[in-house]
Amino acid sequence: MNRVYLDYNATTPVEPEVLDAMLPYFSGEFGNASSIHTFGQKARAAVETAREQVAALIGARPQEIFFTSGGTESDNHAIFGIAGPSANASKPRPHVITSFVEHEAVLNACQALEKQGVDVTYLHVDQDGLIDLEDLRGAIRKETALITIMHANNEMGAIQPVEEIGRIAKDADVYFHTDAVQSAGKLPIDVNQFQLDLLSLSGHKLYAPKGIGALYVRGGTRLKQLLYGGHHQRGMRPGTENVAGIVGLGKAAEIARQTLANDAKRLSALRDQLEHGLLHRVPHSRVNAARAPRTPNTANLVFPGVEGEALLIALDLKGLACSTGAACSSGAVEPSHVLTAIGLPAEEARASLRFSLGRQTTQADIDFALQVVPAAVAQLRQLSPTYQKAVAQ
Amino acid sequence: MNAATQFDTLPERAETQPGLVAVAMSGGVDSSTVAALLQQQGRPVVGLTMQLWNQRRLPELQGDGPAQHRCCSIDDVYDAKAVARHLNFPHYVVNFEEQFESRVVRPFVDQYLVGRTPIACTNCNTDVKFEPLLRMARQIGAERLATGHYARVRRNDATQRWELLRARDDSKDQSYFLWGLTQEQLSRSEFPLGELTKDEVRALARRVNLPVAEKPDSMELCFVPNGNYVRFIHAYSRERGVSLNDAEGEIVNEGGEVIGRHNGVHNFTIGQRKGLGFAAGKPLYVLSIDPQNNRVVVGEDEALRKQIFEVESMNWVSIAQPSGPFRATVKIRHKHEPAPATVEPLDDTHARITFDAPQRAITPGQAAVFYDPNDRAGGDNSRVLAGAWIQ
Chain A
1 MNRVYLDYNA
11 TTPVEPEVLD
21 AMLPYFSGEF
31 GNASSIHTFG
41 QKARAAVETA
51 REQVAALIGA
61 RPQEIFFTSG
71 GTESDNHAIF
81 GIAGPSANAS
91 KPRPHVITSF
101 VEHEAVLNAC
111 QALEKQGVDV
121 TYLHVDQDGL
131 IDLEDLRGAI
141 RKETALITIM
151 HANNEMGAIQ
161 PVEEIGRIAK
171 DADVYFHTDA
181 VQSAGKLPID
191 VNQFQLDLLS
201 LSGHKLYAPK
211 GIGALYVRGG
221 TRLKQLLYGG
231 HHQRGMRPGT
241 ENVAGIVGLG
251 KAAEIARQTL
261 ANDAKRLSAL
271 RDQLEHGLLH
281 RVPHSRVNAA
291 RAPRTPNTAN
301 LVFPGVEGEA
311 LLIALDLKGL
321 ACSTGAACSS
331 GAVEPSHVLT
341 AIGLPAEEAR
351 ASLRFSLGRQ
361 TTQADIDFAL
371 QVVPAAVAQL
381 RQLSPTYQKA
391 VAQ
Chain B
1001 MNAATQFDTL
1011 PERAETQPGL
1021 VAVAMSGGVD
1031 SSTVAALLQQ
1041 QGRPVVGLTM
1051 QLWNQRRLPE
1061 LQGDGPAQHR
1071 CCSIDDVYDA
1081 KAVARHLNFP
1091 HYVVNFEEQF
1101 ESRVVRPFVD
1111 QYLVGRTPIA
1121 CTNCNTDVKF
1131 EPLLRMARQI
1141 GAERLATGHY
1151 ARVRRNDATQ
1161 RWELLRARDD
1171 SKDQSYFLWG
1181 LTQEQLSRSE
1191 FPLGELTKDE
1201 VRALARRVNL
1211 PVAEKPDSME
1221 LCFVPNGNYV
1231 RFIHAYSRER
1241 GVSLNDAEGE
1251 IVNEGGEVIG
1261 RHNGVHNFTI
1271 GQRKGLGFAA
1281 GKPLYVLSID
1291 PQNNRVVVGE
1301 DEALRKQIFE
1311 VESMNWVSIA
1321 QPSGPFRATV
1331 KIRHKHEPAP
1341 ATVEPLDDTH
1351 ARITFDAPQR
1361 AITPGQAAVF
1371 YDPNDRAGGD
1381 NSRVLAGAWI
1391 Q
């Protein structure tokens, strides 16, 4: 059976070149990067090369890159490391600014902070998923310790005005963290141009394996460590380095830096074709966050009158893999918090589907999607009492 | 690179095709065996497991033991997935928590709070399994939904109706919980276990090495930990901001004389003896519950026996509504031996039932199910004629 994968925002396949780069470090070059001997030195060299490669992708210096277990750890480290409760009780309660459309790794970390006595402001977004810079300016207080706003949204691809946010943060002398898990490798990133102090990225969203990620920490940033252990990564993130994973992330970053512009051009053309085709063939369909600048690979459409969950299954049975939102939110009761935040009523949020393209996506894949999605939506609507009622009116 | 070649190492799955049947899989041995049986018949199968209730939702019930062998426990979903993997057919977990709460859990609690004794399983079948789940099954391309119920369904060409029959194995029969199904729902249902005994089902599960072949049967109401429905009602009410602490009221005898106090009508069901707090004298039982006056009426066993009662929400199953009274054997609770009676329809949805002999503890909120009087249990004519709620 022909299977087409349009869920690259959930995860990507490891690029063959990345896999090749990693393989020696599982058994041949198995040394501990902290060891003094030659085995260790070879591993260390590979780790440091990878650090340079990751740094180069985002315009950072290598010593500002810390390897982590993935995006969730990076987000948690940035948030708790800056705004976590201080041992010094005389200090005022810190304040954090974030938005309603962040990934759960940021949102739930902020909610945990609130329980520990930190004030958190959640910025609203407009119907295209973007924050209002005036809201941000207005939310800053003298106790504000951190602004954490994602670069690109995982569900809709909407890109926040990070450069302007960086300027505002800089003027207010507040640390600025961005979750760049969905933008790294898809959009150009320069931590200096964006005036970022912290940035999270994840390997498996850019053709490296799962279980590896990185946190960029601008030199001089007062970041508390979360884990305690050995002296690895200058004590900031102890734990024996995942050498193979780090090498994979480095290689993937290097490839991404070279292919980013071409990928973006090719994928946005295919994405636009998919979007226009679906809008044309599925009555009453709409694109979510249509007017926002978006990552080139992401399309999120609402098909009123269908249950996204049923549509997802129907499409999977036909060989098309896509998603109803963040992978984590499938199986949960609540409609996507992101789609709710842009003002979609619950039933429309549930009727939304995300298609995310990637390097292996072909014209044939888009043709296939344009063939099966309209048919599946029609079949679901035929059996949907709410849709039939709405049509009858 | 072509995506099709890139991903062709993924396991093959059945194409959507005519005859696709969805199996409602709880992770238990019965529904798992249904999937195996249908597959053996060469039918393409897709498994659907419903996520119905968040076991962590009411924290005060967390002490009631680990959430295993209960609906929607992680283990059960895992078991259903393991069976699908073993038999190699597609399987999905689908979320119906919202529908389950509004159509099953909330009515269940509300009924207890007005002194009735509800059956959640019937609502779940009629309003969840064979409603949104069946619809989803059809939306994803399946023609029918198969479940692990012990019952039988067949088409009667002469009457143009779908008939519901008791299971061949009467000890496992679940037709009492399926009387609410409409003709449309029945026409889309399959109960492959209806011809089998539980032993045969287990043997079949073992023969095809189902990972759940030795899993114990679940007996409890799936969303209520340890069967303690009173604690559940308290916890759920508290979550809704309703305190049941002032639910106290009077216990009276048949003459209206106050002989004790109770701690809320939801603690009682008709025929109950325990928990009344009377030690001495003749045993006393709950005869009726009067929610308006928050009273529980008690009396002796003899007073529990009644011959006439009325029902509402009548659903005609194997027969169309008859023009006048008809004879049936009537079952008034899951463990009740159906007894002969005359059923007199009062209007489209109400009827009056007169048993030939008085029956013990006819309980409002339970179902009355009307069986064909011409056949014995498990036979080829043990049809469910109709069903209704006891008023």
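Residue numbers (our numbering), protein chains in the order written: chain A, 1 to 393; chain B, 1001 to 1391. Where is the CB? At the ideal position from N, CA and C, for every residue including glycine.
Close CB contacts of glutamate 1163 of chain B within its chain, under the 6 Å cut and outside five residues either way in sequence, are with Arg1154, Asn1156, Ser1318 and Arg1383 (chain order). Taken atom to atom, the span from the alpha-carbon of lysine 318 of chain A to that of glutamine 1139 of chain B is near 13 Å.
Comparing C-alpha distances from serine 336 of chain A to each of A:Thr361, A:Glu155 and A:Val282 shows the shortest one belongs to A:Glu155. In this structure, isoleucine 1270 of chain B places its C-beta atom within 7 Å of the C-beta atom of alanine 1361 of chain B. Taking the Cα of phenylalanine 30 of chain A as reference, the smallest distance to any Cα among A:Leu274, A:Asn242, A:Ala269 and A:Gln225 is reached at A:Asn242. With contacts defined by Cβ atoms closer than 7 Å, valine 1343 of chain B and phenylalanine 1326 of chain B form a contacting pair. Leaving aside the five residues that flank valine 217 of chain A on each side, the residues in its chain whose CB is nearer than 7 Å to its CB run, in chain order, Glu64, Phe66, Leu198 and Leu223. The segment 1102-1163 of chain B is shown to contain whole alpha helix (DSSP H) runs of 4 or more residues at 1106-1113, 1120-1124 and 1134-1139, in chain order. By a beta-carbon distance limit of 8 Å, phenylalanine 1089 of chain B contacts alanine 1035 of chain B. Their separation comes to about 7 Å. If you ignore the 5 residues before and after leucine 370 of chain A, its C-beta comes within less than 6 Å of the C-beta of Gly277, all in its own chain and listed in chain order. Shortest Cα-Cα distance from glutamine 379 of chain A to any of B:Leu1038, B:Gly1027, B:Ala1142 and B:Asp1076 involves B:Ala1142. For alanine 390 of chain A against glycine 305 of chain A, the beta-carbon gap comes to about 6 Å, under 8 Å, which counts as contact. With its beta carbon less than 7 Å from one in chain B, leucine 317 of chain A belongs to the interface.
The continuous alpha helix (DSSP H) containing histidine 337 of chain A extends over residues 337-341. Arg1135, Met1136, Arg1138, Gln1139 and Ile1140: these are the residues of the segment 1106-1140 of chain B whose beta carbon lies less than 7 Å from some beta carbon of chain A, given in chain order. Excluding residues up to 5 positions away in sequence, Leu270, Gln273 and Leu274 lie with their Cβ nearer than 7 Å to the Cβ of isoleucine 366 of chain A in the same chain. The C-beta of alanine 208 of chain A comes no closer than 7 Å to any C-beta of chain B. For alanine 1146 of chain B, the closest C-alpha among the options B:Phe1191, B:Leu1087, B:Ala1080 and B:Gln1062 is that of B:Phe1191. Close to chain A, meaning a Cβ-Cβ distance shorter than 7 Å, are the following residues of the segment 1090-1102 of chain B: Pro1090, Tyr1092, Val1093, Val1094, Asn1095, Glu1097 and Glu1098. Rounded to the nearest angstrom, the Cβ distance from threonine 98 of chain A to valine 125 of chain A is 11 Å, too far for a contact under 8 Å. Per DSSP, the continuous alpha helix (DSSP H) segment holding tyrosine 1229 of chain B begins and ends at 1229-1239.
According to the DSSP assignment, glutamine 1051 of chain B belongs to no alpha helix (DSSP H) but to the beta strand (DSSP E) extending over 1045-1051. Phenylalanine 1096 of chain B carries a coil assignment under DSSP once its states are collapsed to helix, strand and coil. Look at glutamate 309 of chain A: its C-beta is under 7 Å from a C-beta on chain B. Residues of chain B whose Cβ lies closer than 8 Å to the Cβ of glutamine 379 of chain A are, in chain order, Gln1139 and Gly1141. A contact between stretches requires three or more CB pairs, one per stretch, nearer than 8 Å, and the segment 102-111 of chain A fails this requirement with the segment 127-144 of chain A. Per the DSSP secondary-structure output, tyrosine 1371 of chain B pairs in a beta bridge with B:Thr1329 and B:Val1384. Flagged as an interface residue toward chain B: alanine 314 of chain A, by a C-beta distance shorter than 7 Å.
Counting only runs of 4+ residues, no alpha helix (DSSP H) is found wholly inside the segment 251-298 of chain A. Comparing alpha-carbon positions, the option among B:Val1114, B:Gly1255, B:Ser1189 and B:Asp1199 lying closest to asparagine 1294 of chain B turns out to be B:Val1114. Boundaries of the beta strand (DSSP E) harbouring aspartate 1356 of chain B: 1351-1360, taken from the DSSP string. Residue environment: lysine 265 of chain A is assigned as exposed (fewer than 16 neighbouring CB atoms within 10 Å of its CB, all protein chains considered).
No Cβ of chain B is located within less than 7 Å of the beta carbon of leucine 339 of chain A. With fewer than three CB-CB distances shorter than 8 Å, the segment 1074-1089 of chain B does not count as touching the segment 1247-1257 of chain B. 7 Å or more divides the Cβ of asparagine 262 of chain A from the Cβ of glycine 59 of chain A. Secondary structure of methionine 22 of chain A (DSSP, three-state): helix.
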